[in-house]
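**Student:** Next up is a structure, given as structure tokens.
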Amino acid sequence: MNKGTASKKERLYECVWQLHLKGTDLGQIRMSEVAELSGIPKGTIYEHFRSKDQLIAESVVWFLEKEAKELQRRITEADSFDVRMDVVLEWVASPSGRSLLMKDFADDGRLPEGLRREFLRCGQESGMCSVCLNGTEMVTKALEEAGKKEGILTDGSQLARKTALYSTLAPVVMYTMFPERYEETCWEKVKVHAKRIFVAAFETD
């Protein structure tokens, strides 16, 4: 793929994700909206993608890979467990994090079947299927990396226990989804509470 084509595809991926972050369900995104936002004619878009489903699926996988790499970079550069946890929790509280967390795009019964098939194909081709198609898996991996660097987690820790992971992230999700309910609670206190839950659930045996 030449640089011009790669750049054009990334522009389209970004536009799909912008539409989704603005509240449009993935299955409801129209090619005409993507064309208008990107400034790329529909005919040109179809030169690179055989269908809208392919474009949307590749856009999500591209964005998840991008977010996962950025999370990994920031965790690697952080100099303490506390800062690494901040990195993860700040991401969970971000618009991108809220739109990805707790979703498995290949197993979402609300999506059209054609789109779900494209998600599976894209994930398999990427070689990172579980991470690319499941936002929770991405956060789990980031939390695991943060804990292992400090010796708080070991390989034997049951990080796959999703109920404990949900408990860790629940305060953050609630705080960001319903800010009016927590006007008197500062963000730093929410993060401290989430960290305590995480350490209690996954501390070294």
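With full-length UniProt numbering as the guide, the letters of the sequence shown map in order to residues 1 to 205.
Note that CB positions come from ideal geometry on N, CA and C, so glycine has one too.
(1) Once DSSP output is grouped into helix, strand and coil, what is the label at leucine 111?
(2) Terminal residues of the continuous alpha helix (DSSP H) containing serine 32?
(3) In this structure, does DSSP put glycine 23 in helix, strand or coil?
(4) Below 6 Å CB to CB, which residues in the same chain sit around glycine 97 once its five sequence neighbours on both sides are set aside?
(5) Between the Cα of methionine 25 and the Cα atoms of Pro112, Ser167, Glu47, which residue gives the shortest distance?
(6) Hey, how far is the Cα of glutamate 184 from the Cα of glutamate 36?
(7) Using the beta-carbon count (16 or more within 10 Å), is valine 83 buried or exposed?
(8) For the alpha helix (DSSP H) containing alanine 93, list its first residue and its last residue.
(9) Check whether the stretch 58 to 65 touches the stretch 8 to 17, counting contact only when three or more Cβ pairs, one atom from each stretch, lie closer than 8 Å.
**Tutor:** The structure says:
(1) Here residue 111 corresponds to residue number 111 of the sequence shown, with the count starting at 1. Here leucine 111 sits in coil by DSSP.
(2) Stepping through the sequence shown from its first residue, residue 32 is reached at position 32. Its alpha helix (DSSP H) spans residues 31 to 38.
(3) Position 23 of the sequence shown, counting from 1, holds the residue named residue 23. DSSP places glycine 23 in coil when its eight states are reduced to three.
(4) Here residue 97 corresponds to residue number 97 of the sequence shown, with the count starting at 1. The residues are Trp91.
(5) Your numbering for residue 25 matches position 25 in the sequence shown. Note that residue 25 is aspartate in the sequence shown, not methionine. Cα-wise, what sits closest to aspartate 25 is Pro112.
(6) Working through the sequence shown from its first residue, we reach residue 184 at position 184. Working through the sequence shown from its first residue, we reach residue 36 at position 36. About 42 Å.
(7) Residue numbering aside, residue 83 sits at position 83 when the sequence shown is read from its first letter. Exposed.
(8) In the sequence shown, the residue the question calls residue 93 occupies position 93. Here the alpha helix (DSSP H) through alanine 93 covers 81 to 93.
(9) yes
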